[in-house]
Every structure is written in structure tokens, then in C-alpha cells.
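Converting from the sequence shown to the working numbering requires adding 411 to each position, the first position being numbered 1.
Taking it in order: structure first as C-alpha cells, then the write-up.
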Amino acid sequence: MRTRSALFAFIAAILFLFSAPAYADEYDLDRPHTQIMFFIGHMGFSISQGEFTDYEGHFSFDKAQPEKSAVEATIRTASLQMGDAKWDRHMKSADFFNVEKFPEMTFRSTDVRVLSEDTADITGDLTILGMTKPVVLHTKLNKVGAYPMGNKYAAGFSATAKIKRSDFGMSYGIPMVADDVDIRIEVEAIRRDSESRGPLNP
């Protein structure tokens, strides 16, 4: 009887180990290889590009259960660059991003809907000028794997979204400066424990 009980306990332990849920890996944005850009129409003549260069962010990602992933990012609005000093100053003024009063924008995911093996819609709360609205990032997984050199393990995504800036109280210049804003984000992020686990231990 004792032998049978011990055998059952051993089998139960093995089943538990194989059925235990996998834990998501944690990644931090790699600033040199991550770009946060937006595109906005100017009087119908052109589409102007802006970029934020100072930010921090991280996400959890489990390749086996991507729907359980989560994303957080903070963008410092004073890092806005439009490619022209005068335009930069105006965009940072109270007419637009009001960087003195609102030095940060944030995004926090609330839901991940997997569409295919490499695409998903990430819904989250975007806060601009102190106002929070839901936004959907249409996201494509580019690659997950080890760098060809060193011990870094990385994940890369491309994401797009469309918002109306007036939804966040930024109405100056409409319609000469468009209300619709296209957002494009190119992300490369490094797994936090890459150095200890190494590329051969994904």
C-alpha cells in the first residue's frame, strides 16, 4: 500500500510540473532601436512627421500565451522633435503638448487580442494632456530570439494606431493642422535576464 501511495504521489508531482503555467519573460525597450513616431497632415499639402526620443517602457511576453502579455510605456513630451526648432517650440507650447504642465504621456495595456501567429490588437489607456482614452495598437511580431553576438535575447514588434488629438483636448489649428494622427512604433526590447540565461537558454 505504501509503495502504491508513493507511486501515485510521484506521478502526481510529474503531472504538476508539466502542467504548471509558463511565466512570461520581461523585456525593456532598447532605446537605440526603438522609435516612437507620429504623422499629421499640414493644410492638406503634406504629412509631417514627429518623433519622441526620451521614453522608457517594458512589457511581459509569453510566446506560448501571448494574450497574457502586458505593456507599459512613459514618454517625456519635451523630447518631441519635428525637424525644425521653431516648430518644435510651438508643438511643445500650450497650443499643443504643453510640456511644462504635462511632461509625460503614458500607455498601459488593458487587453491583448491575438489575431494570428504574429499579429495582435493591443488595447490600452493612452494619457495625453492629463486625459485618458482607449487606443488600439495593431501589432506585428517581427522576431523573438538571440542576438548573433553576445548574450542578449530580444523581441521586436511593429505597431500602428490612429487617434484624434481633439479627443485629448488638443484642438488648436484644426483643420489646417489635421485632427487625425497616425502613430507608428518600432520596438526592439531586451529580455531582462539575457546575460544570466544566455542565448542558448530561451
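The C-beta atom is built at its ideal place from N, Cα and C for all residues, glycine as well.
| request: Would you please state the rounded distance, in angstroms, between the beta carbons of isoleucine 486 and isoleucine 447? I believe it to be under 8 Å. | output: Looking up residue 486 in the sequence shown gives position 75. Looking up residue 447 in the sequence shown gives position 36. A Cβ-Cβ distance of about 6 Å is found for the pair isoleucine 486 and isoleucine 447, placing them in contact under the 8 Å criterion.
| Coil, strand or helix - glutamate 478 by DSSP | Taking the sequence shown and counting its residues from 1, one reaches residue 478 at position 67. Reduced to three states, the DSSP call for glutamate 478 is helix.
| message | Taking 8 Å as the limit between beta carbons, can you name the residues of its chain near glutamate 483, skipping five residues before and five after? | response | Counting from one through the sequence shown, the residue named residue 483 turns up at place 72. Close CB contacts of glutamate 483 within its chain, under the 8 Å cut and outside five residues either way in sequence, are with Gly468, His469, Phe470, Thr517, Phe518, Arg519, Ser520 (chain order).
| said: Whole angstroms are fine: how far does the CA of alanine 481 sit from the CA of glycine 567? | reply: For the purposes of this step, residue 567 is taken as residue 156 along the sequence shown, with counting starting at 1. For the purposes of this step, residue 481 is taken as residue 70 along the sequence shown, with counting starting at 1. Approximately 15 Å, taken between the alpha carbons.
| task | On a CA-only basis, which of Ala572, Glu478, Arg500, Ala435 is nearest leucine 537? Give me that one, please. | result | Residue mapping note: residue 537 aligns to position 126 of the sequence shown, counting from 1. It is Ala572 whose Cα lies nearest to the Cα of leucine 537.
| query | Hey, quick one: how far does the beta strand (DSSP E) through histidine 549 stretch, first residue to last? | reply | On the sequence shown, residue 549 is found 138 positions in, with the first residue counted as 1. In this chain, the beta strand (DSSP E) harbouring histidine 549 covers 542-557.
| request: Taking 7 Å as the cut-off, decide whether the C-beta atoms of lysine 551 and aspartate 529 are in contact. | output: In the sequence shown, the residue the question calls residue 551 occupies position 140. In the sequence shown, the residue the question calls residue 529 occupies position 118. Cβ atoms of lysine 551 and aspartate 529: closer than 7 Å.
| What is the DSSP secondary structure of alanine 505, reduced to helix, strand or coil? | The residue labelled residue 505 in the question sits at position 94 within the sequence shown. Residue state, collapsed to three classes: coil.
| What separation, rounded to the nearest whole angstrom, lies between the Cα atoms of valine 525 and lysine 497? | Position 114 of the sequence shown, counted from the start, is the residue given in the question as residue 525. Position 86 of the sequence shown, counted from the start, is the residue given in the question as residue 497. Valine 525 and lysine 497: Cα-Cα distance of roughly 42 Å.
| field | Simplified DSSP state of proline 432, which is helix, strand or coil | value | The residue given as residue 432 occupies position 21 in the sequence shown. Annotation note: pLDDT 43 at proline 432 (below 50); position unreliable, coordinate value reported separately. If DSSP states are grouped into helix, strand and coil, proline 432 belongs with coil.
| query | By Cβ distance, which residues of its chain are closer than 7 Å to methionine 587, with the 5 residues on each side in sequence left out? | reply | Indexing the sequence shown from 1 puts residue 587 at position 176. Cβ neighbours of methionine 587 beyond the five flanking positions: Met454.
| message | Need the endpoints of the beta strand (DSSP E) that tyrosine 564 sits in, please. | response | On the sequence shown, residue 564 is found 153 positions in, with the first residue counted as 1. Boundaries of the beta strand (DSSP E) around tyrosine 564: 564-575.
| message | Quick check: what's the CA-CA separation for aspartate 439 versus threonine 445? | response | Position 28 of the sequence shown, counted from the first residue, corresponds to residue 439. Position 34 of the sequence shown, counted from the first residue, corresponds to residue 445. If I take the Cα positions, the gap works out to 11 Å.
| query | Could you give the distance in angstroms between the alpha-carbon of aspartate 604 and the alpha-carbon of serine 457? | reply | The residue given as residue 604 occupies position 193 in the sequence shown. The residue given as residue 457 occupies position 46 in the sequence shown. Here the alpha carbons of serine 457 and aspartate 604 stand approximately 44 Å from one another.
| query | Between the C-alpha atoms of glutamine 476 and lysine 503, what's the straight-line distance to the nearest angstrom? | reply | Locating residue 476 in the sequence shown gives position 65, where the first residue counts as 1. Locating residue 503 in the sequence shown gives position 92, where the first residue counts as 1. Spanning the two alpha carbons is a distance of roughly 40 Å.
| said: By the DSSP assignment, the beta strand (DSSP E) with glutamate 599 in it spans what residues? | reply: For the purposes of this step, residue 599 is identified with residue 188 of the sequence shown, where counting begins at 1. Run containing glutamate 599: 588-602, per the beta strand (DSSP E) assignment.
| query | Nearest to aspartate 578 by alpha carbon, out of Glu478, Met493, Val546? | reply | Within the sequence shown, the letter at position 167 stands for residue 578. That would be Val546, whose Cα lies nearest to the Cα of aspartate 578.
| request: May I ask you to report which of helix, strand or coil DSSP gives glutamine 513? | output: For the purposes of this step, residue 513 is taken as residue 102 along the sequence shown, with counting starting at 1. The amino acid occupying residue 513 in the given sequence is phenylalanine; glutamine does not appear at that position. Three-state result, phenylalanine 513: coil.
| task | Determine the DSSP secondary structure at phenylalanine 579, reduced to helix, strand or coil. | result | Here residue 579 corresponds to residue number 168 of the sequence shown, with the count starting at 1. In the structure shown, phenylalanine 579 sits in a helix (DSSP, three-state: H, G or I).
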